[in-house]
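*Asks:* Under my numbering, read the sequence shown as residues 194 to 630, first letter to last.
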Amino acid sequence: MTAKKPGVSRVLIIGGGFAGLECARTLSGDSRFEVTLVDRTNHHLFQPLLYQVATASLAAPDIARSIRQILAGSPNVTVLMDEITAIDPAAKHATGKSGTRYDFDYLLLAAGARTSFFGKAEWERHTLGLKSLADAQAIRRTVLSNLEKAELATDEAERTRLMTIAIVGGGPTGVELSGAFADLVHRSLRTNFRRIDTSKLRVVLIEGSARVLEAFDEDQSEYARQRLKSLGVEVWTGMRVDEVREGALHFTDGTLLEARAIIWAAGVEAQPLTAMLGVPLADRGGRITPQGDLSLPGLPDVFVAGDLVRMKDADDKPVPGVAPAATQMGRHVAKLLQEEKRLEGTRFADRKHELRPRFRYFDKGIMAIIGKNFAVVKAGGMKLRGLPAWFAWLFIHIAFLIGFRNRLAVLLGWAFAYLRDNPQARIIVHPQGGPPH
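1. Assuming L470 contacts V495 (C-beta within less than 8 Å), just tell me the rounded distance between them.
2. What residues match up with Y299 in a beta bridge as DSSP calls it?
3. Pick from P473, V378, T384 and A458: whose alpha carbon is nearest that of V426?
4. Which of the three DSSP states is assigned to E276 in this structure?
5. Classify Q419 as buried or exposed, calling it buried when 16 or more other Cβ atoms lie within 10 Å of its own Cβ.
6. Mind reading off the beta-carbon distance from D376 to K565? Whole number of angstroms is fine, and I expect it under 8 Å.
7. Take A463 and list the residues in its own chain whose beta-carbon comes closer than 7 Å to its own, dropping the five residues that flank it on each side.
8. Quick check: is any heavy atom of the ligand MN less than 7 Å from the C-beta of G210?
9. I need the DSSP call for G213, collapsed to helix, strand or coil.
10. Are A454 and I358 touching if we call contact CB-CB under 8 Å?
11. Alpha carbon to alpha carbon, how far is P473 from L530?
12. Going by beta-carbon coordinates alone, are R333 and A247 separated by less than 8 Å?
13. With DSSP collapsed to three states, give me the class of P241.
14. Does the count of Cβ pairs from the stretch 552–571 and the stretch 403–415 closer than 8 Å reach three?
15. Is the Cβ-Cβ distance between S259 and N235 less than 8 Å?
16. In the structure shown, what three-state DSSP assignment does K571 receive?
17. Please report how far the alpha carbon of D232 lies from the alpha carbon of T278, in whole angstroms.
18. Which residues does DSSP list as the beta-bridge partners of I481?
19. I believe L251 touches G523 by the beta-carbon criterion, under 8 Å. Please report the beta-carbon distance rounded to the nearest angstrom.
20. Can at least three beta-carbon pairs, one atom from the stretch 287–301 and one from the stretch 198–217, be found at a separation below 8 Å?
21. Please determine, among L326, Q484, A303 and F311, the residue with the shortest C-alpha to C-alpha distance to R553.
22. What is the residue span of the alpha helix (DSSP H) that W316 lies within?
23. Among the residues of its own chain, which have a CB less than 6 Å from the CB of R352, if the five just before and after it don't count?
24. So for D348, helix, strand or coil by DSSP?
25. DSSP puts M522 in a beta bridge; with which residues?
26. Which whole runs of the beta strand (DSSP E) in the stretch 413–467 are 3 residues long or more, in chain order?
27. Am I right that K576 and Q413 are in contact with their C-beta atoms under 8 Å? What's the rounded C-beta distance?
28. Mark D506 as exposed unless 16 or more other C-beta atoms lie within 10 angstroms of its C-beta, in which case mark it buried.
29. Restricting to Cα atoms, I'd like to know which of K197, P199 and L242 is closest to I562.
30. Can you give the Cα-Cα distance for L424 and I360, rounded to whole angstroms?
31. Is R578 helix, strand or coil by DSSP?
32. In three-state DSSP terms, what is H286?
33. Name the DSSP bridge partner or partners of I399?
34. Which first and last residues belong to the beta strand (DSSP E) in which I389 is found?
35. So, for L580: in the same chain, excluding its five sequence neighbours on each side, which residues have a beta-carbon less than 6 Å away from its beta-carbon?
36. What number of angstroms, rounded off, separates the C-alpha of G558 from the C-alpha of E369?
Written out as structure tokens, the structure reads:
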């Protein structure tokens, strides 16, 4: 790192997701801060639409944008692509996989989450997660390749396995994937194959609890279940997986489900960096409960935000792991740092930590789309479902996309797919450029 400039505070942001990016954008142009944002990838990903890349509705560039490009007009922000492998909060420095040392005065750890297998790490190699563009492309590649293999298959049992998609986890991700796959195969691809009947493709949504979309009201959960069933999705609730092996799921009641595509959307856990901070973890998922201002106990200059956090806000409301909450956390940290800079040299300087405001989450609601023309929305006392909820979902997701090109590309892509029932992102690209074995 370069030498520290007099009067300038060095802010290290780990993670270019919603929290990290919002913090950097809020501090952009503020010469009192020298900001370094480090991320393992070079792009900011709009995760709420990631499932649409997985289901061939959108192409990867539609929901991702270069972090460097987003912050190009921020002279006090440096963007670096590196993976942080060590953090020493007491010495105030972090180390990247590249060997680079990152010194800081303030740290915001917002590295996001990864798929959780609830202590069964061996299940990962038999399943497909959905946390990155690479994950989404792997799901799309697997499902589309399986259909191509099914077209070639002569063994009916193998064809059935190839034409079965199992999705574990009945939250918004699982529900949205299920509806989108049902739409893709039963409507968009229905005339594309000659040897297989795409109407026989099985999409099985598996949830361990009594209902899907548990965060929603019961009537909305039931509406989602009925809508999925009308699309041809098999909804299994109260089913708990106790074994995952290649091409098969085994359940605690003895049921066996064979599927060549197993998608795991059942849980998330924090990135392992949280274990390096020297503070107690709040749960098995590695999340941290920070102070009310998002700083760590005993480490007032180290903050956490986004999916790494398990906490209640200033109004004693649980803060969910959603994009709006992460964005608000990133902005809160940036505003807090700016206020402390303002207090420097005043009679309040020595009390700056105790004067910090607690984070207050403004709940913008939750929503889930259930195939074409249908969705559920819960926002405060307002509940929507069906077509009005679907339009609300479209408007909000377009509004939050970063960049005019992204908004236009997604809007045009959705319009074309809506009118033609024919999404265009259906090319199979294999990692090494060759066909699957």
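By construction, the Cβ of each residue, glycine as well, lies at the ideal position given by its N, Cα and C atoms.
*Replies:* On the basis of the coordinates in this document:
1. 7 Å
2. V204
3. V378
4. coil
5. exposed
6. 5 Å
7. A306, G478, G479, R480, D500 and L501
8. This structure lacks the ligand MN, and indeed carries no ligand of any kind.
9. helix
10. yes
11. 25 Å
12. yes
13. helix
14. yes
15. yes
16. strand
17. 12 Å
18. V502
19. The pair is not a contact, with the Cβ atoms about 25 Å apart (cut-off 8 Å).
20. yes
21. Q484
22. Taken as a continuous stretch (DSSP letters only), W316 belongs to no alpha helix (DSSP H), as it is neither H nor E.
23. A343 and A346
24. coil
25. Paired residue(s): none; M522 is not in a bridge.
26. 426–430, 434–438, 441–444, 449–451, 454–457 and 461–463
27. 7 Å
28. buried
29. L242
30. 15 Å
31. strand
32. strand
33. V361 and W429
34. Per DSSP, I389 belongs to no beta strand (DSSP E) and is neither H nor E.
35. N566
36. 17 Å
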